[in-house]
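These notes are about the structure you will find just below.
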Amino acid sequence: METIGTWWMWAGFFAIVLVMLAVDLFATGGGKSHRVSFREAAGWSAIWVGISLGFAAALWFYLDGAMGREVANAKALEFLTGYLIEKSLAVDNVFVWLMLFSYFAIPLELQKRVLIYGVLGAIVLRTVMIFAGVWLISQFHWLLYVFGAFLLITGIKMWWFADAEPDLANNPVIRWMRRHLKVSDTLHGEHFFVTRDTAGKAVRYVTPLFLVLVLVELSDVIFAVDSIPAIFAITTDPFIVLTSNLFAILGLRAMYFMLAGMADRFSLLKYGLALVLVFIGTKMLLIDVYPIPVPFSLGVVAVIIATSIVLSLRRDARQRAGEAVRQN
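Take any residue in the sequence shown, count from 1 to its spot, add 215: that is its number in this note's numbering.
Next up, the structure:
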């Protein structure tokens, strides 16, 4: 596997990840059951994005001196494009998390602990999947076409079912867990398990918070299957793939709490994400026919996401104005 990453670059990156995790878990009150405000979440989101951009700048300066300006420009653009793609597709995770927490009526102050484990699980899962994917592509180049077709179909399907409401009551995973596990009727603070005295015997129950945790982890598996192949359309360098992916994941918890109260304003964002998947899938299918330049890909993805956000906000403003007129 060809990569720009030296042993000390890998070590430095994992050290940064560990420090960021420690800050996220402890310095921001990760172990406390407290409600995360919009201001707090927005501040930490800005910090995580700033650290990611700082990493990109440091990578560029190092490569510029060690390998030349051309390599530095190319790799920095690959990182930024991969980061933007992963950050954009991660928004879908946020929508699913909101749906799960709403369905199980999980208070905002209890959601934080679930998301801590969700992010940790995502980091481990994606690291394994990325190295496996890079190795498979290095051995079987034709897999890029398989990934491309998969992303194209997924994008079309996402567009088609963008407004469909998932039926969680009949979700097979939830139904299986309720049949095979003893589930308590109520929440018990931040506990995933509780012990109850039943007919003189201590019986262990899982709480609804545990069910949500399982579904959060499962949702990341599903979204990783979409998002990881997408970055292979930009680069197959494992260092760029992993760093851009994990930097996007590390800020996901803060982004969730920032968007938790305003997700309904981005009603058209799913259509934008669908177009991103269609574009990336098409790029992968054309990789040996007409390689689309990375700067162009970065511009297309940025324009699609920005346009979908702006149109969503305009649509929301029109709807709110209409409701105000009807009430008056």
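Cβ atoms here follow ideal geometry from the backbone N, Cα and C, with glycine treated the same way.
Terminal residues of the beta strand (DSSP E) in which residue i lies
{"i": "Thr413", "result": "408-413"}
{"i": "Tyr420", "result": "416-421"}
First through last residue of the alpha helix (DSSP H) which encompasses residue i
{"i": "Ala305", "result": "284-318"}
{"i": "Thr458", "result": "453-465"}
{"i": "Pro510", "result": "509-542"}
{"i": "Leu490", "result": "484-500"}
{"i": "Gly363", "result": "358-375"}
{"i": "Asp279", "result": "253-281"}
{"i": "Ile345", "result": "323-354"}
{"i": "Val232", "result": "222-237"}
Residue of the options minimising C-alpha distance to residue i
{"i": "Phe438", "options": "Ala256, Trp357, Ile219, Ser303", "result": "Ser303"}
{"i": "Val515", "options": "Leu467, Ile231, Tyr332, Gly487", "result": "Gly487"}
{"i": "Gln534", "options": "Leu500, Glu293, Leu268, Phe481", "result": "Phe481"}
{"i": "His528", "options": "Met477, Gly496, Lys498, Ser252", "result": "The sequence shown places Leu at residue 528, not His. Nearest of Met477, Gly496, Lys498, Ser252 to Leu528, Cα basis: Met477."}
{"i": "Thr401", "options": "Leu424, Asn385, Lys416", "result": "Leu424"}
{"i": "Leu335", "options": "Gly466, Ala532, Val504, Thr497", "result": "Gly466"}
{"i": "Lys290", "options": "Phe462, Gln542, Thr450", "result": "Thr450"}
{"i": "Ala445", "options": "Ala320, Leu490, Trp222", "result": "Leu490"}
{"i": "Tyr471", "options": "Gly220, Val251, Leu236", "result": "Val251"}
{"i": "Ile345", "options": "Pro506, Ser442, Asp378, Asp531", "result": "Ser442"}
{"i": "Val409", "options": "Ser267, Thr422, Gly415", "result": "Thr422"}
{"i": "Val493", "options": "Met392, Val388, Gly227, Leu366", "result": "Leu366"}
{"i": "Ser260", "options": "Arg468, Phe228, Phe376", "result": "Arg468"}
{"i": "Ile352", "options": "Ala417, Glu380, Asp452", "result": "Asp452"}
{"i": "Gly363", "options": "Phe229, Gly496, Ile502, Ala517", "result": "Gly496"}
{"i": "His356", "options": "Ala237, Leu313, Leu268, Asp503", "result": "Asp503"}
{"i": "Pro305", "options": "Val509, Tyr505, Val431", "result": "In the sequence under discussion, the amino acid at residue 305 is Ala, which differs from the Pro named in the question. Among Val509, Tyr505, Val431, the Cα nearest to that of Ala305 belongs to Val431."}
{"i": "Ile219", "options": "Val311, Val540, Met392, Leu278", "result": "Leu278"}
{"i": "Glu405", "options": "Met373, Pro322, Val440", "result": "Pro322"}
{"i": "Phe310", "options": "Asp378, Val509, Ala532, Ala517", "result": "Asp378"}
Cβ-Cβ separation, residue j to residue i (assumed contact under 8 Å), whole Å
{"i": "Val398", "j": "Leu426", "result": "7 Å"}
{"i": "Ile524", "j": "Leu474", "result": "Their Cβ separation, rounded to whole angstroms, is 11 Å, which puts Ile524 and Leu474 out of contact at 8 Å."}
{"i": "Glu301", "j": "Ser459", "result": "6 Å"}
{"i": "Asp435", "j": "Asn308", "result": "7 Å"}
{"i": "Thr296", "j": "Leu457", "result": "Their Cβ separation, rounded to whole angstroms, is 15 Å, which puts Thr296 and Leu457 out of contact at 8 Å."}
{"i": "Ile455", "j": "Glu293", "result": "5 Å"}
{"i": "Tyr318", "j": "Leu428", "result": "Incorrect: roughly 14 Å between the Cβ atoms, too far for contact."}
{"i": "Leu299", "j": "Leu513", "result": "7 Å"}
{"i": "Leu433", "j": "Val388", "result": "6 Å"}
{"i": "Ala337", "j": "Ile464", "result": "5 Å"}
{"i": "Ile507", "j": "Leu500", "result": "Rounded, the Cβ-Cβ distance is 11 Å, inconsistent with contact."}
{"i": "Ile266", "j": "Met235", "result": "7 Å"}
Sheet register partners of residue i (DSSP bridge)
{"i": "Val398", "result": "Val421"}
CA-to-CA distance, residue j to residue i, given in whole angstroms
{"i": "Gly348", "j": "Val361", "result": "12 Å"}
{"i": "Ala287", "j": "Leu325", "result": "43 Å"}
{"i": "Phe330", "j": "Ala448", "result": "Per the sequence shown, residue 330 should be read as Leu rather than Phe. C-alpha separation (whole angstroms): 29 Å."}
{"i": "Leu396", "j": "Arg411", "result": "14 Å"}
{"i": "Phe316", "j": "Arg390", "result": "17 Å"}
{"i": "Ala536", "j": "Thr522", "result": "21 Å"}
{"i": "Gln542", "j": "Arg530", "result": "18 Å"}
{"i": "Gly280", "j": "Phe511", "result": "25 Å"}
{"i": "Tyr420", "j": "Glu380", "result": "30 Å"}
{"i": "Gly258", "j": "Leu383", "result": "33 Å"}
{"i": "Arg394", "j": "Asn386", "result": "12 Å"}
{"i": "Ala320", "j": "Met314", "result": "10 Å"}
{"i": "Ala237", "j": "Ala256", "result": "17 Å"}
{"i": "Trp222", "j": "Phe229", "result": "11 Å"}
{"i": "Tyr505", "j": "Ile519", "result": "21 Å"}
{"i": "Phe276", "j": "Val264", "result": "19 Å"}
{"i": "Arg328", "j": "His403", "result": "13 Å"}
{"i": "Trp312", "j": "Phe407", "result": "17 Å"}
{"i": "Asp239", "j": "Gly269", "result": "18 Å"}
{"i": "Arg254", "j": "Ala539", "result": "27 Å"}
{"i": "Val509", "j": "Ala532", "result": "35 Å"}
Distance cut-off 7 Å: residue i Cβ against heavy atoms of the ligand MN
{"i": "Val251", "result": "The ligand MN is not part of the structure shown, which contains no ligands of any sort."}
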